[in-house]
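Quick notes on the structure that follows.
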Amino acid sequence: MHKGHELRHTVRMANTALDRQESLGMSLRGYFPYFGSVPRSRSCYLDSAASALKIESCIERLTSYLTNEHANIHRGAYELSSRATESYEEARQAVRDFCNVPESHEVIFTSGATDSLNMVATGLEGGLVRRGDAVMSTLLEHHSNFVPWQQLALRVEGKFCVVGITEQAEIDVLEFLSILTECSPKVVAFTAHSNAFGTLPPVLQFIHSCKQQKAISVVDATQSIVHGGLDVAALDGDFFAFSAHKLYGPTGLGVLIGRKELLEQLRPARFGGGMIREVGEQFSSWADIPGKFEAGTPPIAEAIAFGATLRQLSEIRKTYPLGLVEEELFRYAVERLSSLPSVKLIGPLRRDQRSILSFEVAGVHPHDVASIADSHGVQVRAGHHCVMPAMRSLQLSATTRLSLGMYSVREDVDTLVESIQHAQKILS
Ligand SMILES: Cc1ncc(COP(=O)(O)O)c(C=O)c1O
Numbered sequence: 325m326h327k328g329h330e331l332r333h334t335v336r337m338a339n340t341a342l343d344r345q346e347s348l349g350m351s352l353r354g355y356f357p358y359f360g361s362v363p364r365s366r367s368c369y370l371d372s373a374a375s376a377l378k379i380e381s382c383i384e385r386l387t388s389y390l391t392n393e394h395a396n397i398h399r400g401a402y403e404l405s406s407r408a409t410e411s412y413e414e415a416r417q418a419v420r421d422f423c424n425v426p427e428s429h430e431v432i433f434t435s436g437a438t439d440s441l442n443m444v445a446t447g448l449e450g451g452l453v454r455r456g457d458a459v460m461s462t463l464l465e466h467h468s469n470f471v472p473w474q475q476l477a478l479r480v481e482g483k484f485c486v487v488g489i490t491e492q493a494e495i496d497v498l499e500f501l502s503i504l505t506e507c508s509p510k511v512v513a514f515t516a517h518s519n520a521f522g523t524l525p526p527v528l529q530f531i532h533s534c535k536q537q538k539a540i541s542v543v544d545a546t547q548s549i550v551h552g553g554l555d556v557a558a559l560d561g562d563f564f565a566f567s568a569h570k571l572y573g574p575t576g577l578g579v580l581i582g583r584k585e586l587l588e589q590l591r592p593a594r595f596g597g598g599m600i601r602e603v604g605e606q607f608s609s610w611a612d613i614p615g616k617f618e619a620g621t622p623p624i625a626e627a628i629a630f631g632a633t634l635r636q637l638s639e640i641r642k643t644y645p646l647g648l649v650e651e652e653l654f655r656y657a658v659e660r661l662s663s664l665p666s667v668k669l670i671g672p673l674r675r676d677q678r679s680i681l682s683f684e685v686a687g688v689h690p691h692d693v694a695s696i697a698d699s700h701g702v703q704v705r706a707g708h709h710c711v712m713p714a715m716r717s718l719q720l721s722a723t724t725r726l727s728l729g730m731y732s733v734r735e736d737v738d739t740l741v742e743s744i745q746h747a748q749k750i751l752s
């Protein structure tokens, strides 16, 4: 049976939400070759927020492109190069379709979310953000969406205005609004989904408020796109960044989506071949967007494989909305983990939350929890999750974090719970 039909059949047969999640998660595993190659006892992969497993279309397209179709793009006068160029531009179109971006040249391929965010922070300097201008972000951010803004503020000698978080690791909305008014920042960077605590900030409201204050909004969509998609036209923000490898695609590739008028004013941060219009001895001029931001040979194979990834995800989401498995399983994980007296869950734990859950185990260091979990075949992450400012604000030094993907099932969570009980027995 075709996989799409199988999925529809599975959804119809399931009775309860959890049953539906379980059978869906199991069916979706069919799209991930990893599960065919790793023994069941080792495959409780609960670290998708760090990097997701690779979907079959990504692996197949990467292999077929590298085997049969590779040539450098944009500059070739021969057919192989023209076809590679066409496939690369089709991948850009795939991103545009998946994220509902108004125009295809508003999609820039980068080397990752970190690169995308740095490109904006660097590109704003001296033009859209000038000496003495304020820059704003929040304590909830991944270092990739915090340090570039902190450094930009330092370079322009402007104020770096940072919005605090509550004890539940939520951005303080009132504080956000009052700092936005008082600080009058030129640019405001915030996450749409916390990688450490699973918080889902009110992105639409934030974008709207930035617009009212004439501040440029930069949304870190790295985690949110995986579990809820990204509708750029509906959100109507200025910049969005994410990485392909967290969205079941290849490593080494990221996306920056920007409003055309702003991308045209943004200064390029990397210089070299492909991004120029004219090079003189003393001065140069730049190619139109998106070329202006894609200096050198881009990650061609990765972009093409990501295009195939997105097309397959779009097919899958015709049957079930992205994030459904993770949302229902998240509630199960909250229930199971909170039944352990030694476990303290961290974060807002709201009903619409999905995928990411941080916790502490009394008397056991997070690194020990993670390595004992690994001995049970469960992969979870431990540490500060690249959110030191948030950790400090919550008076935490480290947590253990589980994160779900579309292939996650109850057994993964159950095995984690068993491993925590084991860790408690031997270490506390
Ligand atoms: C919310 C968030 N933003 C940005 C990043 C940086 O992504 P990358 O390391 O792929 O550039 C991550 C990675 O964990 C993340 O979770």
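Every number in our numbering is 324 more than the matching position in the sequence shown, counting from 1.
Every residue, glycine too, gets a C-beta built ideally from N, C-alpha and C.
When the Cα atoms are used, what is the spatial distance from residue i to residue j?
{"i": "residue 471", "j": "residue 403", "result": "44 Å"}
{"i": "residue 425", "j": "residue 601", "result": "25 Å"}
{"i": "residue 407", "j": "residue 388", "result": "13 Å"}
{"i": "residue 733", "j": "residue 570", "result": "18 Å"}
{"i": "residue 492", "j": "residue 430", "result": "36 Å"}
{"i": "residue 609", "j": "residue 352", "result": "48 Å"}
{"i": "residue 512", "j": "residue 539", "result": "7 Å"}
{"i": "residue 752", "j": "residue 356", "result": "37 Å"}
{"i": "residue 436", "j": "residue 444", "result": "13 Å"}
{"i": "residue 591", "j": "residue 502", "result": "30 Å"}
{"i": "residue 405", "j": "residue 542", "result": "35 Å"}
{"i": "residue 709", "j": "residue 583", "result": "30 Å"}
{"i": "residue 423", "j": "residue 379", "result": "19 Å"}
{"i": "residue 495", "j": "residue 514", "result": "9 Å"}
{"i": "residue 579", "j": "residue 564", "result": "8 Å"}
{"i": "residue 374", "j": "residue 605", "result": "44 Å"}
{"i": "residue 487", "j": "residue 461", "result": "6 Å"}
{"i": "residue 689", "j": "residue 726", "result": "15 Å"}
{"i": "residue 715", "j": "residue 721", "result": "6 Å"}
{"i": "residue 335", "j": "residue 343", "result": "Per-residue confidence for residue 335 stands at a pLDDT of 48, beneath the threshold of 50, marking its modelled position as unreliable; no derived number is given."}
{"i": "residue 636", "j": "residue 630", "result": "10 Å"}
{"i": "residue 742", "j": "residue 453", "result": "52 Å"}
{"i": "residue 730", "j": "residue 347", "result": "11 Å"}
{"i": "residue 712", "j": "residue 410", "result": "42 Å"}
{"i": "residue 662", "j": "residue 682", "result": "12 Å"}
Quick check on residue i: buried or exposed, where buried means 16 or more other Cβ atoms within 10 Å of its Cβ?
{"i": "residue 324", "result": "In the structure displayed, the chain extends from 325 to 752; residue 324 sits before or after that span and is not available."}
{"i": "residue 506", "result": "exposed"}
{"i": "residue 740", "result": "buried"}
{"i": "residue 466", "result": "buried"}
{"i": "residue 517", "result": "buried"}
{"i": "residue 765", "result": "Absent from the structure is residue 765, since the part of the chain shown begins at 325 and ends at 752."}
{"i": "residue 665", "result": "exposed"}
{"i": "residue 651", "result": "buried"}
{"i": "residue 642", "result": "exposed"}
{"i": "residue 595", "result": "exposed"}
{"i": "residue 525", "result": "buried"}
{"i": "residue 510", "result": "buried"}
{"i": "residue 521", "result": "buried"}
{"i": "residue 750", "result": "exposed"}
{"i": "residue 326", "result": "For residue 326, the pLDDT reaches just 49, beneath the cut-off of 50, and the residue's location in the model is therefore unreliable, although a value from the coordinates is still provided. That one is exposed."}
{"i": "residue 551", "result": "buried"}
{"i": "residue 500", "result": "buried"}
{"i": "residue 597", "result": "exposed"}
{"i": "residue 530", "result": "buried"}
{"i": "residue 607", "result": "exposed"}
{"i": "residue 360", "result": "exposed"}
{"i": "residue 567", "result": "buried"}
{"i": "residue 686", "result": "exposed"}
{"i": "residue 456", "result": "exposed"}
{"i": "residue 439", "result": "buried"}
{"i": "residue 528", "result": "exposed"}
{"i": "residue 618", "result": "buried"}
{"i": "residue 703", "result": "buried"}
What does the shell around ligand 1 hold, if a residue joins when its beta-carbon is under 5 Å from any heavy atom?
436, 437, 438, 466, 468, 519, 544, 546, 547 and 567
Which ranges does the beta strand (DSSP E) cover as unbroken runs of at least 3 residues, wholly within the segment 662-745, from first to last along the chain?
667-670, 680-685, 705-707 and 723-727
Ignoring anything shorter than 3 residues or poking outside the segment 472-544, list the beta strand (DSSP E) runs there in chain order.
484-487, 511-515 and 540-544
Mind listing, in chain order, the continuous alpha helix (DSSP H) runs of no fewer than 4 residues lying wholly within the segment 575-600?
584-589
Alpha helix (DSSP H) runs contained entirely in the segment 596-637, provided each spans 4 or more residues:
none
Pairing CB atoms from the segment 653-662 with CB atoms from the segment 677-692, are three or more of them under 8 Å?
yes
The segment 395-402 in contact with the segment 371-385 per 3-pair CB rule at 8 Å
no
Minimum length 4: unbroken alpha helix (DSSP H) runs contained in the segment 369-419
380-388
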